[in-house]
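Residue numbers (UniProt numbering): 1 to 76.
Every residue, glycine too, gets a C-beta built ideally from N, C-alpha and C.
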């Protein structure tokens, strides 16, 4: 991850968002959907990537904000 990218992950029964480089989570949520929405907003505001992890800690999804910064040449 690039410094400042937002990482959404589950820990201790809560879903959390942490910017790359921070030791502690910036936000905590009861559901993955709530954490994803908050993480998406944080990434869009910062113009960074949002990395959404599955419950087992593996990467489930990555989204780049703004979309024009996405280095991949595939639509969607």
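The beta strand (DSSP E) that contains residue 62, what's its start and end?
The residue given as residue 62 occupies position 62 in the chain shown. Unbroken beta strand (DSSP E) run through residue 62: 59 to 64.
For residue 46, the first and last residue of its enclosing beta strand (DSSP E):
Sequence index remark: in the chain shown, residue 46 carries index 46 (1-based). Not the beta strand (DSSP E): residue 46 falls in the alpha helix (DSSP H), residues 32 to 46.
Could you tell me the alpha carbon to alpha carbon distance between residue 31 and residue 22, rounded to whole angstroms?
Looking up residue 31 in the chain shown gives position 31. Looking up residue 22 in the chain shown gives position 22. One C-alpha to the other measures close to 22 Å.
According to DSSP, is residue 17 part of a helix, a strand, or is it coil?
Numbered from its first residue, the chain shown carries residue 17 at position 17. Residue 17: strand per DSSP, three-state reduction.
Under three-state DSSP, which class holds residue 54?
Walking along the chain shown from the start, residue 54 turns up at place 54. Residue state, collapsed to three classes: coil.
Given a threshold of 16 other Cβ atoms within 10 Å of its Cβ, counted over all protein chains shown, does residue 66 qualify as buried or as exposed?
Here residue 66 refers to the residue found at position 66 of the chain shown. Result: exposed.
Within 10 angstroms of the Cβ of residue 56, are there 16 or more other Cβ atoms? Answer buried if so, exposed if not.
As a first step, residue 56 is located in the chain shown; it is residue number 56 there, counting from the start. That one is exposed.
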